[in-house]
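Structure first, commentary second.
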Amino acid sequence: MEIWESGVPRAQPPPRARQILAMLLLNPGTIIPIDRLIDAVWGEEPPPHARKALQVHISHLRQLLSVPLRHSPPGYVLSVQPDQVDLHRFRTWTAAARRETDPELAGGLLRRALALWRGRPLADIGSDRMRERFLAGLEEERLTALEARMDADLRLGRHAELVTELPGLLAEYPLRERMRGQLMTALYRCGRRAEALRVFHEARALTVAELGVEPGPELQRLHRELLTEPRPAPEPAPRPVSRNHLPRDVPDFAGREAELELLCASPAADSGVLPVWWLDGPTGVGKTALAVRAAHRLAPRYPDGQLFVELTGLAPEAVLDALLRALRVPGERIPEDLRERAALWRAELSGRRVLVVLDDAAGASQVRPLLAGGADCLVLVTSRQRLAGLEGVRRIALDVLPPLTARELFERLIGEQRVRAEAAAVAEVAQLCGYLPLAIRITGAKLAARPHWPVSRLLGRLRDEQRRLDELAVGDLAVRTGLAVSYLGLDEPSRRAYRLLGALGYGNLPGWLAAPLLGEPEERAEDILDQLLDAQLVEVSSEPAEPLRYRMHDLVRLHARECAELEEPLEQRREAVRRAVTALLAAVDELAEPLPPAVPRLCQTDLSTQPRPRITGADRWFEQEEPALVAAVCRAAELDLAELAAALAEALVFSFFAVRNRYDSWARTHEAAVAALRRTGHRRGEAALECSLAQLHYKRDRYELARAHFRTAQALFAEVGDTRGEAVALNGIGMVGRELAEHALALPALRRAHQMLASSGDQEGVAHALYGIGYAHRELGEDPEAIDTLTAAAGAYRAAGNERGEALALRGIGLVHRAADRWDEAEDYCRRSHRIVRDVPDDLLSCYTGQALAKVWIRQHRPDRAEPALLAGIKTCHALHDTFGLALLHRTLGECCLALGRPEPALHFLNLALAGWAELRLPVWRARTLRDVGAVHAATGAAAAAHRAWREAREIFDRLGIREAAEAEGWHRRWSCPCVN
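Mapping the sequence shown onto this note's numbering, position 715 (from 1) lands on 859, and the numbers just tick up by one.
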């Protein structure tokens, strides 16, 4: 007995465990009662603790085997497929041979079956009971198959070969009358009737002497026929015939023109070297279809034969046997030794022009003995494995189809008219198929068989990831089957890695993340992933000079996730995802920065023992990793790793989302994490992310939504007794109020938040509250209080290390001085603010500090200096989708154009600003812009238009009770309205 896994022999179990395994293998998938197992191992006198000893041996087998060995009353069952056991594969092939009417095909099946036998069955089992029970029957099965193979050879005229083979068999099995008859027939047909008759007489003498009976009726009948038949003429030796074993070419083949051209180009015959092509790629990419198409095109160049062998699961010896017989080499000439068979294969190809397709090679070791012939032959190899270890072989690596070729394949499968009618649906189906030819062919076959189906119906089914692989099956074609073959060909560490990649649920991950995901050292994890690379289940998506990245095709990812859910216990999946997400959190946490005037981080977790990956180029890193980071939060939330999902979601706000206005990712991660926090009852975490969602809506200028989330957070924090959290939420409520110019409502909330945060020692929180209070004083025209409070805020931000907050507070002081016409002080504070932000750097915030400085320059009668800064800021705000910033910069650019004496563009930009304020529903900013619109009209002599704009602006200022209400009387004179002259 031998145990092999993925082409590699495994260690043998101890003797008694081997006996138990043999019993289970003789009956795969069948429950073997415990008593029968004990009887097979210990016979009629088992030891007192036989059942306990049996359990120990079963436990050892479970550790050794990669297939399930289950206890199922009243015994045990080995969950192995029959075709994984050589005995049952032998029985399958012999049964197929009995049904086959073609003697050549039948003989081939029987040879494959007999090639599985290596010595006497149960020879190393060491159980007399098992040998008594099974040996004779197994030996009879082998001899019966051998006799059936020789019958097929007789029908094919291979008499001379049998005359050589049969005497040796009869010396070992002298009483096998069927073999005697076969030898008599072979001798007779070779023209050796006398020798055939002597074989009969020897058989008769033996049976009479040993058994006391005459030979059987069949042998006696053959004897009589030989006595009466005329002597036959010897059959002429068969002439060599060109053999075409190629499968049918696919009629709807699409694309691969460049690869076909390479394959069909004439090889350099003068090199004297056998040309070999290695076509590799993932399951279903069309390797075999390309090889077969090329072989059919090349067939006329190789008139001595076109051979095709499917290598799946075959040893090189068996493949050579099939190839040699395809060239009409008699069986008795084929040696048993691999080296001798390979030498004979080379000799047979010498001087011939033969094309050989070796399909689905497991690797170089399987193919190397099969490479024979000179430059006049050609070998095409297809494999799921990347080429490694074969010299002088040219490689074509196949990838999925380009979108246009995928559409062309659909047109050939379901018709051009149908594709044109639903072009968008077809394009999305191809995308969901991952542009994989096999998947497209399956969906095309389904649609072709259902002409009444719109493509959109199948599209709806494919959109559901849970059932996509179920949909990608038709007849004997299935994407899942091909992927399963690749998966089962891996060793166990690689299969585990495949499952855990599926459990993570994202198909594009950085190489460094493999180690924490697998829980292995980095080098070991990379070695394991290399096995998946070789099996074409993952690919490297990075350039050699870049950090390593792996990519998994969408359909492979879905299969990996299926395998994880079926085979990997939930807790192990959760632990793997926990390790990976924690590693990502450590990387993101390293890049997190304080934000003003923002909600502070409330979901931080201890990462002191977590290694920190070295990241260079944070912006580029985030751009590349954003989909993986979002997917990681969602996967952690899906597995109810709620606190971890919340921590990563929040860290992403402070490192990436807020600064770069990644609103969609911000919303998606937080909604997923909040749902998990609610499911698992983490009320404080839910409150923290409600604050973060409020901050998201605040940044998107959706102030009412922001206020609603802050109020929800305040209630949740109060419920769990978190004073600091409640103060943070109050600060947010005040922050929204000041933006809406509701300062009478905002100030009490901000002052209460300041008091609570000061009591809890939250320096940064105090700074946020002070900034809000100072902002409100400024808007109310209370300049001394505004300057004092904003100065305190700047100091608090500086002490907390929050440079952005300090810059905003300094900008606020500059705005107070600007409103009071203190231009030099205003420029000083605005310049300091802008310098801090540029050094951080923060592109969006620099638009706001730059706008404040530009407005000072306009007031200083230097509008030419302001204009370039304002235009650059507009470009940045467009790129970052910042509506408030755009409206603010459009308004300031309008003022700048007015100062430059360009009223028409001034009015254009001011109208753009009005549209922005209308979208944001911010009346105070509408009023300020209307005031500037009035100034433009006044400058052009349109007094009535100026008065209408100023009238509406004053009504708003009066209603809100802010400082501009007191300035309205001076507008006519300030902007030289014609009504004054």
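Glycine included, every Cβ here is placed at the ideal spot set by N, Cα and C.
- According to DSSP, P177 shares a beta bridge with G219.
- Secondary-structure assignment with DSSP links D424 through a beta bridge to S527 and A541.
- Only residues of its own chain outside the window of five on either side were considered, and among them L954 have a CB closer than 7 Å to the CB of R976, listed in chain order.
- In the three-state DSSP reduction, Q450 falls in the strand class (E or B).
- By the neighbour-count criterion, in which 16 or more other beta carbons inside 10 Å mark a residue as buried, R922 falls on the buried side.
- When T1020, E1108, A775 and A1043 are compared, the shortest CA-CA separation from A964 is found for E1108.
- Closest in alpha carbon position to A1087, among S1120, G1114 and A1071, is S1120.
- At a Cβ-Cβ threshold of 9 Å, A433 and F397 count as neighbours.
- Contact check for P985 against A1043 fails: the beta carbons are separated by 9 Å or more.
- Straight-line spacing of the CA atoms in P172 and V211 works out to 11 Å.
- Per DSSP, the beta-bridge partners of L213 are L222.
- Here L699 is not near L632, since their CB atoms are 9 Å or more apart.
- In this structure, the straight-line span from the alpha carbon of R804 to that of C835 is close to 19 Å.
- Exposure of C408 is indicated by the presence of fewer than 16 other C-beta atoms within 10 angstroms of its C-beta.
- It is roughly 57 Å from the alpha-carbon of V623 to the alpha-carbon of Q364.
- Residue pairing by DSSP places R693 opposite P654 in a beta bridge.
- One Cα belongs to A628, the other to I175, and the distance between them is close to 26 Å.
- Closest option to A731, judged by alpha-carbon separation, among G425, D608, L168 and L773: L773.
- The stretch 251-261 makes contact with the stretch 229-236: 3 or more CB pairs, one atom from each, lie closer than 8 Å.
- At the C-beta level, L306 and L290 stay beyond 9 Å of one another.
- The beta carbons of G399 and P546 sit closer together than 9 Å.
- If you compare the alpha carbons of A943, E947, G876 and R942 with that of I917, the shortest gap goes to G876.
- For L471 and H389, the gap between their C-alpha atoms comes out near 11 Å.
- Secondary structure in the stretch 240-286: the alpha helix (DSSP H) runs of 4 residues or longer, each lying completely within the stretch, are 247-258 in chain order.
- Taking C-beta atoms as the reference points, A816 and E712 fail to come closer than 9 Å.
- The alpha-carbon of E666 is positioned some 23 Å away from that of R779.
- The Cβ-Cβ distance between L366 and F344 falls below 9 Å.
- Listed as beta-bridge partners of E683 by DSSP are R695.
- For the pair V960 and L934, the CB atoms are nearer than the 9 Å cut-off.
- Cβ neighbours of L205 within its own chain (closer than 8 Å, five residues either side excluded): P157, A161, I164, L165 and L213.
- Relative to A791, the option among E321, T526 and R745 whose CA is nearest is R745.
- Leaving aside the five residues that flank A943 on each side, the residues in its chain whose CB is nearer than 7 Å to its CB run, in chain order, Q907.
- Between A708 and R643, the C-beta spacing is below 9 Å.
- For A622, the secondary structure class from DSSP, reduced to helix, strand or coil, is strand.
- Residue range K431 to L442 is occupied by the alpha helix (DSSP H) that includes A439.
- In the displayed model, A1086 falls within coil according to three-state DSSP, outside both helix and strand.
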